Amino acid sequence: MFDPRDVYGIVRPRDVEEVRDTVRAFARAEGGPRLQALSTGRNWGLGSREPARDGVVTLELGGLDAVRDLSIEGGWAIVEPGVTQLRLADLLAGTDRMLNVTASSGHTSVLGNSIDRGVGLRRQRTLDLAGLEVVLPDGELVRVGWWPNGEHPGAVNPQGLGPSPLELFTQSDLGIVTAGVIRLLPRPEAQCVLRLGFGSSRLTEAVDELRRWTAQGLVSGVLKVYDTVSTRSYGGVADEYLAHLCVSGTERSVAAITQVIQDEAEGSGLFARVLRSDRHPPAPDDMVAHAVERLYAGDPSRNEAMLRSAVGREADRVDAEGGGWLFFLPLIPFTGRAVSRSQELLAQVHAETGVRPGSTVNALDPDVVDLVVSFRFPRTEHHAEQAHRALDRTYELFAEAGFHPYRLDSDHHAWVDRLSVDPAARAFVRRLKRTLDPRQVIAPGRYA
Ligand SMILES: Cc1cc2nc3c(=O)[nH]c(=O)nc-3n(C[C@H](O)[C@H](O)[C@H](O)COP(=O)(O)OP(=O)(O)OC[C@H]3O[C@@H](n4cnc5c(N)ncnc54)[C@H](O)[C@@H]3O)c2cc1C
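The opening position of the sequence shown corresponds to residue 99 in my numbering, with each subsequent residue numbered one higher.
So this is what it looks like as structure tokens:
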């Protein structure tokens, strides 16, 4: 229920040559519609398939769905846009590699999410991107970053030598991605997930304590803290803030570190509950805890239950029939003070608009939290209008507090300029666009 755009048609190429032909055809017609690429188009909460601008033809790349190559030893897979995380995760089951999976549906695109700089349970997906195959606006095909070289693939080096063009094609209107090299993580030999509950009065101190453990290397992957609204939205059980914290490694290192964290948690007196997955498995109806455990291990098979809880439908029917769902995705400092401030701002949004957002802390490293703010609402015109008003207000309040989004929805592309740290840098990127795409073959997307 974002603003609908004028979309003149949909093109579904079946291979890379058809993508290049399409791009060349659009390059010949001056002043015509522009191309907006997507992979599986399940960008829920950020506009799904809706382009940011009018006058486009959508290029749906889900039909390019080959896993072109896979090296367990080297730790990489070459995938096309239609390859879903469920499919790649299945291919890796039983091997000593795993995919950094997200909490979205298993039927979402590994490449689409990575290009939009999504976040998995192990780390931000851009860190998984080693190389991209891109069709440029004149139809030329280039490979940027790292690609395995025949019989001697060598070691992964995404930056290559000299200026690195890889990042030019994430959140980008400079090219259309037809394949990518995705890094595969070593599969841990053992894993334990701790669930730590605490009341809102302890939020600041508890987050500072979680940060301390992260900074000291006790935590594996992305530490998550759900508030009560978000836990319930995704189908979990909680009447308090609930942190999910993964420890992975060898059997003995996991046993030792889990015990260290348990002792630290109990010694701090901050946590009302300290539960370990090996001793206290989650209740059968706690979909979030079950899914999160599997996700840390690279298995997205429990995600569809969370999706159904969030939006009421299976992946294929979310956009047509699902409940309302919006995301606001800022990065905030990993400090108790910043997280508490974010909760005050969300309470203000609730008080002013009547809409109560949920939030989840995703700690990307000891300094940075990806705060996933979600708005869930019944799909009526009235509720949609109210939720979008709450989203607009959230953008404003968080920007004033210095908490800027790292991904944008299709209605808020103008925020790219508003949040730019240096107008000259924006002008530089626009100069690149004019140089590479003088005929505006590729539509300016959500980040232009
Ligand atoms: C319950 C729920 C949980 C979620 N959990 C997460 C989560 O844990 N992490 C997360 O990151 N997101 C999450 N999401 C948001 C979203 O569903 C995912 O980001 C999803 O992977 C995006 O859809 P997609 O993979 O089909 O990408 P697409 O919609 O195909 O692509 C996303 C964008 O990337 C660009 N793009 C895609 N393909 C190309 C291409 N070939 N060439 C050029 N540009 C391209 C386009 O701008 C496109 O709009 C969640 C959503 C819900 C509802």
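Using N, Cα and C, we set each Cβ at its ideal position, and we do this for glycine too. The structure displayed is predicted, hence computed values, not measured ones.
Nearest-angstrom Cβ-Cβ length linking residue i and residue j, presumed shorter than 8 Å
i	j	result
G229	P256	7 Å
V121	V242	Going by Cβ atoms, the distance from V121 to V242 rounds to 17 Å, so no, they are not a contact pair.
V514	Y545	5 Å
R285	M196	5 Å
L168	L189	7 Å
L495	A201	With 8 Å as the limit, L495 and A201 do not qualify as a contact, their Cβ atoms being about 25 Å apart.
L157	G180	The Cβ separation is near 12 Å, so there is no contact.
Y504	R215	7 Å
S98	C290	The structure shown does not extend to residue 98, since the chain is modelled only from 99 to 546, so the question has no answer here.
S346	A288	7 Å
T458	V470	4 Å
E178	A164	5 Å
One or two residues paired with residue i in a DSSP bridge
i	result
F475	G422
W174	S169 and R281
M99	M99 pairs with nothing; no bridge assigned.
R374	L292
Y332	Answer by DSSP bridge pairing: none, since Y332 is not bridged.
Y339	F296
Q222	V217
D468	L429 and N460
R195	P284
S346	Q289
P503	P428
Endpoints, the alpha helix (DSSP H) within which residue i is located
i	result
E349	E349 to S366
E116	V114 to R126
S407	N401 to V409
L189	Q183 to L190
N211	V208 to I213
E450	G434 to T451
V459	From DSSP, V459 is part of no alpha helix (DSSP H) but of the beta strand (DSSP E) over G456 to A461.
Y394	M385 to Y394
L272	Segment: none, L272 is in no alpha helix (DSSP H) and carries neither H nor E.
D535	Looking at the DSSP string, D535 is not in any alpha helix (DSSP H), and its letter there is neither H nor E.
V539	Counting along the chain, V539 falls outside any alpha helix (DSSP H), and DSSP gives it neither H nor E.
R516	W513 to R516
Cβ-Cβ distance between residue i and residue j below 7 Å
i	j	result
D384	G334	yes
V155	T276	no
H502	P428	yes
A512	V447	no
A389	R400	yes
W174	V240	no
G410	G421	yes
D361	D101	no
L283	R220	yes
G145	D507	yes
G210	T268	no
P149	Q134	yes
D440	I430	The identity of residue 440 in the sequence shown is Ser, whereas the question assumes Asp. Yes. Within cutoff.
G396	E338	no
Y332	M404	yes
Cutoff 6 Å; reference residue i; Cβ partners in own chain excluding five residues on either side
i	result
A413	S203 and H205
R371	G295
Q484	V453
A336	T326 and T329
F369	L294, F296 and A363
T193	I170
Contacts around residue i, its chain only, beta-carbon distance under 8 Å, and the 5 residues preceding and following it disregarded
i	result
E249	none
T312	L321, F432, A461, D463 and P464
Limits of the unbroken beta strand (DSSP E) element including residue i
i	result
A135	R132 to L136
R241	L239 to G243
L230	L227 to V233
N247	First-last for N247: undefined, no H or E at that position.
Y106	V105 to V109
I430	L429 to P431
V320	S318 to Y324
L157	V154 to E158
T302	Unbroken run through T302 is the alpha helix (DSSP H), L301 to A313; no beta strand (DSSP E).
Chain-order list of residues whose beta-carbon lies under 7 Å from that of residue i (same chain, five-residue window excluded)
i	result
D226	N198, S212, I280 and R281
R309	F432, T433 and P464
Residue i at chain D interface by Cβ criterion, 7 Å
i	result
A387	Of the protein chains in this structure there is only one, and it is not chain D.
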